[in-house]
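With mature numbering (1 follows the signal peptide of the UniProt record, and there is no 0) applied, the sequence shown corresponds to residues -19 to -1, 1 to 225, in that order.
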Amino acid sequence: MIALATVLVAAMPNGRANAAELVIRAATIPPLPTRATSLAGFMPPGWVVKARADGDLNGDGRPDHAFVLHQTDPRHVLDNRGNLGSERLDTNPRVLAVAFAQPDGGLALALQNATLIPRHDSPTMDDPFAGITVRRGALQVALHFWASAGSWETSEVRFTFRLQQGCFRLIGYDRSSTHRGSGETTETSANLSTRRVETRSGNIASDKPVRLRPGVLAPGTPPCIDEVGDGASFEVEALGRSRR
């Protein structure tokens, strides 16, 4: 069950400031079937495939399928006319899933995650989901954060997961942020397998060299995807830097 949330949206009808409440309804995430003969067999009623990427994710040479399911419940589509931002806000949840190709031609569910990809819960922000890819045996999930009001910062985030020790573990994290007012930029790249992390900072309006801050994350095992939680609030620095 996804918790309820209330979003306050400033509205300005007839030139007067106002505030409107958008209530994000709770959504029930159904368990997906453990096996199917095609991707359609994993879709619960009222859900559609939002994105798909194919490639070998478990090293057996067969093409596996990563896909994102999107619920289409009209109760989660909010009317925001007269307020700031988009007039229509689709807050339906998404599910990130992986199905492994089987020797008999069928598919076996290997991952179901409903927390990494945030719901689109603000009419002044773009939909945060930016796509998935399969590259060199790893699953990459991209998120995008841009607001028309309430924040000057725009960010691009990429999570890279690889099947290790029975789960999809976060082995790479990349984040690029730009402050649209000051022009300041920050890029963070972390390899959670080697525990190396680098942060680069600069300014799009400056010719000065980019400032580099290398570091090492505290010792530990890369987290499984379910341990990462909400992709919008995850911070790799929360894993801690080594004092060495």
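Note that CB positions come from ideal geometry on N, CA and C, so glycine has one too.
None of these values were measured; they are calculated from a predicted model.
Beta-carbon proximity list for residue i, same chain, < 7 Å, skipping 5 on both sides
i	result
arginine 150	Phe142, Arg143, Pro203, Pro204 and Cys205
leucine 220	Leu198, Ala199 and Gly201
asparagine 44	Just to set this straight, residue 44 is proline in the shown sequence, not asparagine. If we look at proline 44 and ignore the five residues flanking it on each side, its Cβ neighbours are Asp35, Gly36, Asp37 and Ala82.
glycine 40	Gly118
lysine 31	Val49, Leu50, His51 and Arg75
Beta-bridge partners of residue i, as assigned by DSSP
i	result
leucine 79	The question names leucine, but residue 79 in the sequence shown is valine. According to DSSP, which records beta bridges pairwise, valine 79 is partnered with Ala47 and Leu92.
alanine 32	Val49
glycine 179	Residue identity check: residue 179 is glutamate in the sequence provided, not glycine. Paired residues: Ser170 and Pro195.
leucine 70	Leu59
residue 257	Residue 257 cannot be examined here, being either before or after the span of the chain that is shown, -19 to 225.
asparagine 184	Glu165
Residue i, buried or exposed, once every other Cβ within 10 Å from all chains shown has been counted against 16
i	result
threonine 159	buried
serine 214	exposed
glycine 212	buried
valine 138	buried
glycine 162	exposed
proline 104	buried
lysine 189	exposed
proline 26	exposed
valine 4	exposed
glycine 66	buried
Contact set for residue i: own chain, Cβ-Cβ below 8 Å, skip 5 residues either direction
i	result
alanine -17	Since pLDDT at alanine -17 reaches only 38, below the 50 mark, its modelled position is unreliable, and the value read off the structure follows with that caveat. Cβ within range, chain order: Ala7.
aspartate 207	Asn94, Thr96 and Cys148
glycine 87	Arg16, Ala17 and Thr18
proline 12	Gln93
valine 58	Arg69, Leu70, Asp71, Thr72 and Asn73
Cβ shell of residue i (< 6 Å), same chain only, five flanking positions each side left out
i	result
arginine 33	Phe48
arginine 62	Glu68
valine 191	Arg181 and Gly183
arginine 194	Thr180
alanine 80	His46, Leu88 and Leu90
aspartate 108	His101
valine 217	Tyr154 and Ala171
isoleucine 152	Thr141, Arg143, Leu173, Ser174 and Pro203
alanine 123	Ala111, Gly112 and Arg139
glutamate 134	Ser158 and His160
is_contact[residue i, chain B] using C-beta, thresh 7 Å
i	result
proline 84	The displayed structure is made up of one protein chain only, and chain B is not part of it.
Answer yes if the segment 183 to 191 comes into contact with the segment 158 to 169, meaning at least three C-beta pairs across the two stretches below 8 Å, and no otherwise. yes
Could you give the uninterrupted runs of the beta strand (DSSP E) lying entirely in the segment 102 to 176, keeping only those of 3 residues or more? 110 to 116, 119 to 126, 134 to 145, 148 to 160 and 165 to 172
Would the segment 43 to 58 and the segment 124 to 131 be scored as touching if the rule is three or more Cβ pairs under 8 Å? no
The segment 11 to 24 touching the segment 41 to 50, judged by at least three CB pairs closer than 8 Å: yes
Counting beta carbon pairs with one atom in the segment 113 to 121 and one in the segment 67 to 75, are three or more of them shorter than 8 Å? no
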